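Contents: one structure, followed by commentary.
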Amino acid sequence: MANATNVLAQGIEINGSIKFSNDMIIDGKVDGKIESEKGKVTIGENAQITGDVKAGEVKMYGKVEGTIESDRCELKPKSELKGDIKTKSLAMEEGAILSGSTQIG
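In terms of UniProt numbering, the sequence shown opens at residue 1 and continues consecutively.
Below, the structure written as structure tokens:
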């Protein structure tokens with residue numbers, strides 16, 4: 001179970017912070033901070049997150065309202081971020097929406 005992936009499925013709602021150490025897939029609704037030192041978080045197409053996201057890698061398909069801080073961030077088509085990004089590496093695909101500032105490096 002050392003490298004297990006945590007899953008927050010569609011239809012699940014959490015009010016509060018989430019901390020994890022491995023990988024996490026979120027496809028539900030989160031109102032709170034999501035945090036991992038080095039883990040990877042995938043924000044699914046159905047995900048709605050209100051709060052800051054901090055992880056080693058963030059891959060976004062859904063919606064986030066908050067700040068993203070990561071070593072690597074990918075905004076996929078149809079993803080929507082209302083907030084700022086602080087990352088070492090940013091990949092933004094056509095169709096992604098970013099309403100905020102970016103700090104890369």
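Even glycine gets a Cβ: it sits at the ideal position worked out from N, Cα and C. Given the structure is predicted, the values throughout are model-derived calculations rather than measurements.
Short Cβ contact (8 Å threshold) for residue i with residue j
| i | j | result |
| --- | --- | --- |
| Ile34 | Ile12 | no |
| Lys86 | Ser99 | no |
| Thr42 | Ile25 | yes |
Inter-residue Cα distance where the pair is residue i and residue j
| i | j | result |
| --- | --- | --- |
| Ser79 | Asp52 | 16 Å |
| Glu94 | Lys76 | 8 Å |
| Met1 | Asn22 | Since pLDDT at Met1 reaches only 48, below the 50 mark, its modelled position is unreliable, and no value is offered. |
| Thr67 | Val58 | 12 Å |
| Leu90 | Lys29 | 24 Å |
| Gly32 | Thr50 | 6 Å |
| Ala9 | Ser70 | 23 Å |
Beta-carbon separation (whole angstroms), residue i vs residue j, contact threshold 8 Å
| i | j | result |
| --- | --- | --- |
| Asp27 | Asn46 | 5 Å |
request  = Identify every run of the beta strand (DSSP E) within the stretch 42-98, keeping only runs that are complete inside it and at least 3 residues long; order them along the chain.
outcome  = 48-50, 53-60, 63-65, 68-75, 80-82 and 85-92
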